[in-house]
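Trainee: Residue numbers (numbering that gives the first Met the number 0), protein chains in the order written: chain E, 0 to 352; chain L, 0 to 286; chain Y, 0 to 264.
Below is one structure. I have some questions about it.
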Amino acid sequence: MATIRVDNVRHSYFANPTRDEEWALKKITLECEDGGAYALLGPSGCGKTTLLNLISGLLKPTEGRIYFDGADATETTPEQRNIAQVFQFPVIYDTMTIYDNLAFPLRNRGMEAQQVDQRVREVARMLELDGVLSRRASGLTADGKQKISLGRGLVRTDVNVIMFDEPLTVIDPHLKWQLRSKLKELHHRIRRTMIYVTHDQTEALTFADRVVVMKDGEIVQIGTPIELFERPRHTFVGHFIGSPGMNLLPCEVKADKAYVAGRAVKTLTALPKDGTGLELGVRPEFVSFAAEGVPVEITKIADAGRFRIVETRHDGRAIKLLVPEGQAIPEGRAHVKFDPEHTQVYENGWMIG
Amino acid sequence: MTKTVNHKAWLFVLPVVALVAFNAIIPLMTVVNFSVQESFGDNVFFWAGMQWFEQVLHSDRFHAALLRQLLFTAIVLAIEVPLGLAIALAMPRRGAWVSVCLVLMALPLLIPWNVVGAMWNIFALPELGFLGKLINGLGIHYNYTRQPLGAWFTVVLMDVWHWTSLVALLCYAGLVAIPDAYYQAAKIDGARPWAVFRYIQLPRLKHVLTIAILLRFMDSFMIYTEVVVLTGGGPGNATTFLSIDLVKMALGQFDLGPAAAMSIVYFLIILFMSWLFYTLMMRKEER
Amino acid sequence: MRLKFLLPAIYILFLLLPIYWLLNMSFKTTNEILGAFTLWPRNFTLENYREIFTDPTWYWGYINSLIYVVINTVLSVLVALPAAYAFSRYRFMGDKHLFFWLLSNRMAPPAVFALPFLQLYSAVGLFDTHIAVALAHTLFNVPLAVWILEGFMSGVPKELDETAYVDGYSFWGFFVKIFVPTIAAGIGVACFFCFMFSWVELLLAKTLTSVEAKPIAATMTRTASTSGYELGLLAAAGVLTIVPGAFVIYFVRNYIAKGFALGRV
């Protein structure tokens, strides 16, 4: 159990990085509290797996330090850091039985047979593997194998942190959901620090207490799922999280008021005096039809069950809105308004205020 | 992959079958034919029944050659397989040295077999060769053309030189194919190097090792050219292995009947032993 | 673990020593070879090489060897391609038995076949021709090529074939224009091994030739026995037989590991 602090860490896979894009991670600072469930979320190539491997000790950072409970752990091995990690593709020792697979990390650390047995059976029960312990691990399906990888991570009681590197990639969709809830449940039960890497927003938002959104080797925002949804600090977060993503419209600021298409729009956040590259961001959930407001032309309606996604256009820019079931949708031309509580202004991508 | 049933596929296989049948079946029939006939020259043959087989199976000469062959194959396998495996494990996985290692290691495999023999002949000459001079310089009397033990030592060393690379390259390829995640997981699980070898590397090398052992068994059991050039089967008959004995009998003495019978026995031994190796190793895998 | 590189390093040194010795001998005069033990040539000479390159019986040996090796490689891979395709894509009567029968020929000792081959190829009038040796070597190279190619082809998803047919390719159009380029690496590996085994084999090549198609390897053994103790010349000839192999390895070095990885040699 430990608080993990990543302090000004930079990492490059090149020997002598000179150009900006040669850095896989550009100055990351992050603190994970003891017992928290974290997700590192971002598109492929954003550096999330690099960050994970730096924390686990499989990689050494080019610059910066990593602290476990305040002690500098930068130079220590994964074994010394006492962590567990589950990989994207299930790793099992396929000549061993499921029992031996689960016992492997404990036996390597010289634990007594009786204790090993107790731990293995406990974890097997948690993962519903207790009926098949004596079976050879090699014959299992992908999700069975991943459960064993998971089990090897959980079997040690003393680990500082358990890391997951896109663990559900190879799992069938209907089992994904099961394993995901299992993970969440396990976290509640054992309250150990967990860090979960994924590019799937649903996985991140359902699993984590706090989500770290990354892009191009940088952290864009750290926040609870609700914060990320309601108050995206960067247009990337607004776009990457939520389905469909946030609407972005060019806007101007004059005399403390934001204007979209020449119409004043109330916003939550403070406004700059003026500025270039200003955009107004509002999620489709917080756009609705109104008697007056921004004029739009309705171009497409898609039924998504309990609500409909309406695509409209204003001056060539798309504005999407969600309309709950049973609510009428006007035809042809209409006006939309934005909920001021959930409308922000972004300058060069970053939220103002 | 699910394959579709298509008997017309035979047409695709036909050229191969025709070619191999021409090369394998006709000569094999010739051999069988010889093995049951007696010839007094002038292409006149008489039915000889199982006479040649009985003669070969009961001859001391055949027993001695077979025994030498088995001993040689056993020694060579016992050295080359562990050594090749160890070299593969110690080889770098990435970087500029990999190519250099691979090219240099593959070199002996592409040298004509008689040149291998000639090279070792020159290399091991007691007075003129580096190896001969070195050993004699250490105060050990060594002359592979005179001492049976010296001859055996040289032949085994030559075979190790010639073929260990094959085992090493096969194992290396098998090792490279193991995903990094396995090593990372082992690191995190706190596995010692021995455990990594025992539980990760060895199980994943099983298939390649089976192939390596089979190939080395077959090829060492058929060894001919290198040894003939190096020692000529001598001194005396000390290094006369099965193939050498067979060629002496067939092309040297033109004892066609016994040679043919011996050929068949020889071929059957290889087939049987290969089958045995294969099934034993595959059965282990299933368990 | 820092000393781990030592084992491959020592092994490679061990591999290179006899080759160096051969090279060393090839640059010496006969007098120096017989006169004194020297670690490098004191009287460096290219005389041995000059003799090989000017004497037709020598250099024709190389040409003969290369001719039958190339014929064998091309022939083996060409007939193996459709067969390997059939084994990798279709099930047909007796397919498994046929595959194992083919492979069992890899276990045939050349010594067993030497005499029957001599009779067979004499009977069909091919004795002492390049074709005879090339054909004889298909005995073990065709099964090998089928085995290697089948491995590579099984790795190509069947959807590729089906897509091509949907796009209106005829079978042979697809095979030549799409499939063969897809498994180019496999063909390279198969060629490499066919070249290798045909190049290094001597017993059959020697038995099936006398003058016209005599391989270099046979020239060497006959020279060794007839012209007495010409070690320098023999060494130079030996060095020259290593050259084509070294070339081939250099060109396929990146595919070697891949070819071996299939475990199919």
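Note that beta-carbon positions come from the ideal geometry of N, C-alpha and C, so glycine has one too.
Keep in mind it's a predicted model, so treat the numbers as computed, not measured.
Under a CB-based cut-off of 8 Å, is residue 118 (chain E) close to chain L?
Mentor: Working through the first sequence from its first residue, we reach residue 118 (chain E) at position 119. Judged by the 8 Å Cβ criterion, residue 118 (chain E) is not in contact with chain L.
Trainee: Rounded to whole angstroms, what's the CA-CA distance from residue 41 (chain E) to residue 199 (chain E)? Just pull it up for me.
Mentor: Sequence index remark: in the first sequence, residue 41 (chain E) carries index 42 (1-based). Sequence index remark: in the first sequence, residue 199 (chain E) carries index 200 (1-based). Taking the straight line from one Cα to the other gives about 8 Å.
Trainee: Would you verify that the beta carbon of residue 125 (chain E) is, or is not, closer than 8 Å to some beta carbon of chain B?
Mentor: Of the protein chains in this structure, namely E, L and Y, none is chain B.
Trainee: Using a threshold of 8 Å, state whether the C-beta atoms of residue 56 (chain E) and residue 75 (chain E) are closer than that.
Mentor: Stepping through the first sequence from its first residue, residue 56 (chain E) is reached at position 57. Stepping through the first sequence from its first residue, residue 75 (chain E) is reached at position 76. Their beta carbons are under 8 Å apart, which means residue 56 (chain E) touches residue 75 (chain E) by this criterion.
Trainee: What residue range does the alpha helix (DSSP H) around residue 170 (chain L) cover?
Mentor: The residue labelled residue 170 (chain L) in the question sits at position 171 within the second sequence. Its alpha helix (DSSP H) spans residues 147-175.
Trainee: Are the beta-carbon atoms belonging to residue 105 (chain Y) and residue 52 (chain Y) less than 8 Å from one another?
Mentor: What you label residue 105 (chain Y) is simply residue 106 of the third sequence in a count that begins at 1. What you label residue 52 (chain Y) is simply residue 53 of the third sequence in a count that begins at 1. Note that the C-beta distance between residue 105 (chain Y) and residue 52 (chain Y) is not below 8 Å.
Trainee: Using CA coordinates, which residue listed in L:161, L:10 and L:171 is at the minimum distance from residue 117 (chain L)?
Mentor: For the purposes of this step, residue 117 (chain L) is taken as the residue at position 118 of the second sequence. Distance check between residue 117 (chain L) and each of L:161, L:10 and L:171 places L:161 closest, using alpha-carbon atoms only.
Trainee: Identify each residue in the segment 98-111 of chain Y for which the Cβ-Cβ distance to at least one residue of chain L is less than 9 Å, and report them in chain order.
Mentor: Contacts with chain L (Cβ-Cβ distance below 9 Å) from the segment 98-111 of chain Y involve 100, 101, 103, 104, 105, 106, 107, 108, 109, 110 and 111, listed in chain order.
Trainee: Count the C-beta pairs between the segment 143-155 of chain E and the segment 169-189 of chain E that are closer than 8 Å, then say yes if the count reaches three, no if not.
Mentor: yes
Trainee: Could you tell me which chain L residues have their CB closer than 9 Å to the CB of residue 191 (chain E), listed as they occur along the chain?
Mentor: Counting from 1 along the first sequence, the entry for residue 191 (chain E) is found at position 192. Within 9 Å Cβ-Cβ: nothing; residue 191 (chain E) doesn't reach chain L, min ~15 Å.
Trainee: Using beta-carbon positions only, say whether residue 386 (chain E) and residue 295 (chain E) come within less than 8 Å of one another.
Mentor: Shown here, chain E extends from 0 to 352; a query on residue 386 (chain E) therefore has no answer.
Trainee: I'd like to confirm the pairing. Which residues does DSSP put opposite residue 22 (chain E) in its beta bridges?
Mentor: The count along the first sequence starts at 1 and reaches residue 22 (chain E) at position 23. BP columns for residue 22 (chain E) point to E:11.
Trainee: Quick check: the Cα distance between residue 100 (chain Y) and residue 278 (chain L), rounded to an integer number of angstroms?
Mentor: On the third sequence, residue 100 (chain Y) is found 101 positions in, with the first residue counted as 1. On the second sequence, residue 278 (chain L) is found 279 positions in, with the first residue counted as 1. Each residue's alpha carbon lies about 16 Å from the other.
Trainee: Pull up the distance between the alpha-carbon of residue 74 (chain L) and that of residue 128 (chain E), whole angstroms please.
Mentor: Reading the second sequence from its first residue, position 75 is the one you call residue 74 (chain L). Reading the first sequence from its first residue, position 129 is the one you call residue 128 (chain E). Rounded to whole angstroms, residue 74 (chain L) to residue 128 (chain E) spans 47 Å at the Cα level.
Trainee: Would a check of beta-carbon distances place residue 14 (chain E) closer than 8 Å to chain L?
Mentor: For the purposes of this step, residue 14 (chain E) is taken as the residue at position 15 of the first sequence. No, its Cβ sits nowhere closer than 8 Å to a Cβ of chain L.
Trainee: Taking a Cβ distance cut-off of 9 Å, strictly less, list which residues of the segment 113-138 of chain L are near chain E, in chain order.
Mentor: none
Trainee: Hey, is residue 72 (chain L)'s beta-carbon within less than 8 Å of any beta-carbon in chain Y?
Mentor: Stepping through the second sequence from its first residue, residue 72 (chain L) is reached at position 73. Cβ-Cβ to chain Y under 8 Å: no for residue 72 (chain L).
Trainee: Measure from the alpha carbon of residue 64 (chain Y) to the alpha carbon of each residue in Y:120, Y:169, Y:246 and Y:201, then state which is nearest.
Mentor: Counting from one through the third sequence, the residue named residue 64 (chain Y) turns up at place 65. With distances taken between Cα atoms, residue 64 (chain Y) lies closest to Y:201.
Trainee: Identify the contact partners of residue 297 (chain E) in chain L, using a Cβ-Cβ distance below 9 Å as the criterion.
Mentor: Sequence index remark: in the first sequence, residue 297 (chain E) carries index 298 (1-based). By Cβ distance, chain L contributes nothing, its closest Cβ being about 49 Å from residue 297 (chain E), past 9 Å.
Trainee: Measuring alpha carbon to alpha carbon, tell me which of L:152, L:27, L:32 and L:168 ends up nearest residue 266 (chain L).
Mentor: In the second sequence, residue 266 (chain L) corresponds to position 267, counting from 1. The shortest CA-to-CA distance from residue 266 (chain L) to any of L:152, L:27, L:32 and L:168 is the one to L:27.
Trainee: Please classify residue 248 (chain E) as buried or exposed, where buried requires at least 16 other C-beta atoms within 10 Å of its C-beta.
Mentor: Taking the first residue of the first sequence as position 1, residue 248 (chain E) is located at position 249. Result: buried.
Trainee: Can you tell me where the beta strand (DSSP E) holding residue 84 (chain E) begins and where it ends?
Mentor: The residue you call residue 84 (chain E) lines up with position 85 of the first sequence. Counting along the chain, the beta strand (DSSP E) containing residue 84 (chain E) begins and ends at 82-85.
Trainee: How would you label residue 362 (chain E), buried or exposed, when you count the other beta carbons within 10 angstroms and need 16 or more for buried?
Mentor: This structure cannot settle anything about residue 362 (chain E), because the visible part of chain E is limited to 0 through 352.
Trainee: Which bits of chain L does residue 89 (chain Y) rub up against, with CB to CB less than 9 Å?
Mentor: In the third sequence, counting from the first residue as 1, residue 89 (chain Y) sits at position 90. Residues of chain L passing the Cβ test: 2, 3, 4, 5, 6, 7, 8 and 11.
Trainee: By Cβ distance below 6 Å, which residues in the same chain neighbour residue 15 (chain Y) in space, the five residues on each side in sequence not counted?
Mentor: Position 16 of the third sequence, counting from 1, holds the residue named residue 15 (chain Y). If we look at residue 15 (chain Y) and ignore the five residues flanking it on each side, it has no Cβ neighbours.
Trainee: I'd like to know whether the C-beta of residue 200 (chain L) is nearer than 8 Å to at least one C-beta of chain E.
Mentor: By one-based count along the second sequence, residue 200 (chain L) stands at place 201. For residue 200 (chain L), the answer is no, since every Cβ of chain E falls outside 8 Å of its Cβ.
Trainee: Which residues, in order along the segment 22-35 of chain L, keep a beta-carbon less than 7 Å from a beta-carbon of chain Y?
Mentor: Result list: 22, 23, 25, 26, 29 and 30.
Trainee: With respect to 7 Å, is the separation between the Cβ of residue 100 (chain L) and the closest non-hydrogen atom of the ligand MG below this value?
Mentor: Only the bare structure without any ligand can be found here, which leaves the ligand MG out of the picture.
Trainee: Jot down the residue ranges of each uninterrupted alpha helix (DSSP H) in the segment 90-155 of chain Y, minimum 4 residues, whole runs only, in chain order.
Mentor: List check, alpha helix (DSSP H) in window: 94-103, 109-122 and 129-153.
Trainee: 8 Å is my cut-off, CB to CB: does residue 138 (chain Y) come that close to chain L?
Mentor: Counting from one through the third sequence, the residue named residue 138 (chain Y) turns up at place 139. Yes, because at least one Cβ of chain L sits closer than 8 Å to the Cβ of residue 138 (chain Y).
Trainee: Please list the residues of the segment 81-105 of chain E that have a C-beta atom closer than 8 Å to any C-beta atom in chain L, keeping them in chain order.
Mentor: 82, 83, 84, 86, 87, 88, 90, 92, 93, 94, 95, 103 and 104
Trainee: Thinking C-alpha only, which one of L:177, L:146, L:158 and L:129 is nearest residue 78 (chain L)?
Mentor: Translated into positions along the second sequence, residue 78 (chain L) becomes position 79. Looking at the Cα atoms, L:158 is the closest of the given residues.
Trainee: Put residue 11 (chain Y) into one of helix, strand or coil per three-state DSSP.
Mentor: Here the question's residue 11 (chain Y) lines up with position 12 in the third sequence. It is helical.
Trainee: List the DSSP bridge partners of residue 3 (chain E).
Mentor: Against the first sequence, residue 3 (chain E) aligns to sequence position 4. For residue 3 (chain E), which the question treats as bridged, DSSP gives the partners E:31 and E:67.
Trainee: Excluding sequence positions up to five away, which residues of its chain have a Cβ less than 6 Å from the Cβ of residue 47 (chain Y)?
Mentor: In the third sequence, the residue the question calls residue 47 (chain Y) occupies position 48. Taken in chain order, the residues that qualify are 25, 231, 232 and 235.
Trainee: Could you give the distance in angstroms between the alpha-carbon of residue 196 (chain E) and the alpha-carbon of residue 31 (chain E)?
Mentor: Within the first sequence, residue 196 (chain E) is the residue found at index 197, counting from 1. Within the first sequence, residue 31 (chain E) is the residue found at index 32, counting from 1. Rounded to the nearest angstrom, the two C-alpha atoms are 14 Å apart.
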